[in-house]
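When we follow the working numbering, the leftmost residue of the sequence shown carries the number 113, and every step to the right adds one.
We treat Cβ as the ideally placed atom computed from N, Cα and C, and that holds for glycine.
Okay, so here's the structure we're looking at.
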Amino acid sequence: MVAGKVHQNTLDAEPAFLQATLRYGFNNLITGYTGTILSDNYQAGLIGTGWNLPFGAVSVDVTHAKTTLQDRTDSGQSFRVSYSKFIDTTATNFTLAAYRYSTKGYYSFSDALYSREGYRRLKEQYDDYKDQFGVAPEMSLGTWDALRAAQPKNTLTLNLNQRLADNWGTVFISGTQRDYWNSQQTTREYQAGYSNAIGRASYTLSASRVRNSESEEETRFYLSLSLPFSLFDNNAWITSSVTASDSHYEQSNISMSGNALESNRLSYTLSGSNARGGNNTASVNTAYRSNFATLGGSYSESSDYRQTGLSGRGSLVAFPWHVLASNETGTTMTIVDAPQAEGLMVNGDESIVTNHDGVALVPYATPYRKNSITLSETPGSTGAEVLGNIANVAPYDGAVNYVRFETDKRQSWVLQATRQDGKPLPFGTEVLDERGESVGYVGQASILYIRAEQPPQTLNVHLRGGKCEISSPAWGLNSPPSVCH
């Protein structure tokens with residue numbers, strides 16, 4: 113569920129809205145989903161289902177929308193069918209093949225906002241004209257829609273990725289065709305490209321047919337190259353790209369990015385670009401990942417502006433007696449609880465470690481799949497010992513899951529001890545506390561290894577002819593040896 117206000121540079125209005133989505137997996141075959149968008153002049157509801165079939169994944173849904181415009185209210189529906197499939201034998205991935213049909217009265221939320229804005233501005237011009245000259249021709253909202261062609265009728269989308277054999281790279285193709293109500297115009301946008309790697313370097317070539325800002329179709333060509341290298345014993349990359357059309361040069365970019373500091377906690381990007389018409393831009397971006405948040409800073413400058421930015425992101429989750437923070441945001445999370453085991457690293461990520469109580473927040477998980485949670489020691493690990501460091505969880509989408517690890521909360525203590533005659537205690541002998549519970553053993557060089565939640569005040573060592581007792585043990589290898597009486 114999301115609530116907020118629309119903020120677009122090209123829109124004067126900033127309407128509040130509420131968006132909610134619910135998905136439920138009935139079984140491994142069928143998933144149902146529904147959703148809604150509610151705003152002052154727009155209400156829409158969606159219902160659909162997805163099927164995991166042997167020949168691919170198919171989904172079908174319908175959206176009903178009611179849009180209040182300047183002088184009328186329109187209602188309509190949009191029907192969508194989509195299909196995706198990965199073919200193992202040919203390594204072909206149909207990432208999405210979708211067809212959508214929308215009735216004449218249907219507006220998406222975005223189209224509704226821009227239609228209201230466009231008509232409002234046009235009406236203001238006519239009102240000004242009428243105030244100045246006393247009369248002005250009427251222009252209906254339907255006329256505005258015809259000029260803008262704002263309402264798509266049929267939309268067909270296809271994306272295809274094909275990995276070639278023997279490391280020959282990947283070919284990708286995508287395309288969209290769309291026609292409109294109130295217009296005879298049909299728009300087509302499509303792209304084809306090829307990507308591969310030579311050693312550690314990678315490159316991409318593509319050509320696309322698009323509609324430019326003047327509503328004219330043109331062919332654009334794109335080339336990018338990425339080269340890795342090492343800087344101060346850390347990985348870094350230089351990436352360069354250039355875009356041109358069939359009639360002129362468009363723009364070029366070059367950037368250097370990499371990581372620094374311990375565990376690559378600092379990331380940075382330096383970039384520069386040049387666009388047709390002489391517009392040059394330079395920028396720098398940095399981000400630092402602490403255990404509790406990711407903090408960022410940016411600066412950019414061009415021929416007509418300067419911009420400085422600060423950012424921060426992370427997650428906060430509260431549950432009984434704890435408030436946990438992480439350096440990333442996510443919708444599906446896991447609370448890891450290893451009681452009293454401090455400083456354990458989760459899933460090999462040095463920025464996610466258990467706190468003093470042995471609790472940590474993992475801000476990412478894959479819903480409806482088995483996720484493994486592993487704990488490993490770090491130089492700062494103290495406290496309880498984990499009994500089994502791997503657990504599995506299969507979360508629902510958007511859930512905050514709880515995983516508890518069993519721990520041995522006893523701490524380790526050591527001391528040196530001898531018999532009354534100064535001789536060492538027998539190697540391997542069991543050591544009991546004052547309650548008669550086994551708490552350790554005698555190791556080499558008459559060193560006693562004890563595990564207990566608190567250091568025992570009395571230790572009993574079983575000997576061949578009886579036992580001896582150590583009162584008020586002197587803990588630590590730097591202390592004088594205790595005497596077992």
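N504 sits exposed, since fewer than 16 C-beta atoms from the chains shown fall within 10 Å of its C-beta. Looking at the backbone, the Cα of L141 and that of M113 are separated by about 25 Å.
Between I464 and the set M445, K482, R481, T478, the nearest pair of CA atoms involves M445.
Closest in C-alpha terms to A177, from the list A156, A304, R531, comes A156. In the three-state reduction of the DSSP assignment, Y231 falls in the helix class.
With respect to E229, L123 sits close: the two C-beta atoms are nearer than 9 Å.
When C-alpha distances from S171 are compared across G144, G588, R184, the shortest belongs to G144. In this structure, G188 lies near K216, with their beta-carbon atoms less than 9 Å apart. Contact annotation: V543 and V526 have beta-carbon atoms that are not nearer than 9 Å.
Assignment of E549 by DSSP, reduced to helix, strand and coil, places it in the coil class. A Cβ-Cβ contact shorter than 9 Å links L335 with T316. Here G455 really is in contact with S493; their C-beta atoms are around 4 Å apart, less than 8 Å. Selection Y195, K117, N483, Y241 evaluated against E126 yields K117 as nearest (Cα-Cα).
At a Cβ-Cβ threshold of 9 Å, D152 and A128 count as neighbours.
Contact check between the segment 587-597 and the segment 527-536: three or more CB pairs, one atom from each, fall below 8 Å, which counts as touching. The criterion of a C-beta distance shorter than 9 Å is satisfied by M457 and T490.
Counted as a single uninterrupted DSSP element, the stretch harbouring H597 is not any beta strand (DSSP E), since DSSP gives it neither H nor E.
Around the beta carbon of D186, 16 or more other beta carbons lie within 10 angstroms, which makes this residue buried.
Going by beta carbons, G470 and D449 fall inside the 9 Å limit.
The C-beta distance from A496 to Q452 rounds to 4 Å, short enough to fall under 8 Å. At a Cβ-Cβ threshold of 9 Å, G287 and Q303 count as neighbours.
Y400 is positioned such that its CB atom lies closer than 9 Å to that of G408. Between T570 and I582 the beta-carbon gap is near 7 Å, inside 8 Å, which marks them as a contact. Taking the CA atoms as reference points, D358 sits about 6 Å from R332. In the three-state DSSP reduction, D520 falls in the strand class (E or B).
The alpha carbon of P264 has as its nearest neighbour, out of D291, Y480, N376, Y241, the alpha carbon of D291. In this structure, V515 keeps its C-beta atom at 9 Å or more from the C-beta atom of I559. When only Cα atoms are considered, L268 and T298 end up about 12 Å apart. Here the C-alpha atom of G370 lies approximately 22 Å from the C-alpha atom of T441. A224 sits in a helix when the DSSP states are folded into three classes. Pairing T355 with T381 gives a Cβ-Cβ distance that is not under 9 Å. Contact between T486 and N467 does not hold, since their C-beta atoms are separated by about 18 Å, which reaches or exceeds 8 Å.
Beta-bridge analysis with DSSP links H574 to K579. Here A472 is buried: its Cβ has 16 or more other Cβ atoms, across all protein chains shown, within 10 Å. Considering only S314, L130, N266, the residue with the shortest C-alpha distance to N279 is S314. With contacts defined by Cβ atoms closer than 9 Å, Y476 and A506 do not form a contacting pair.
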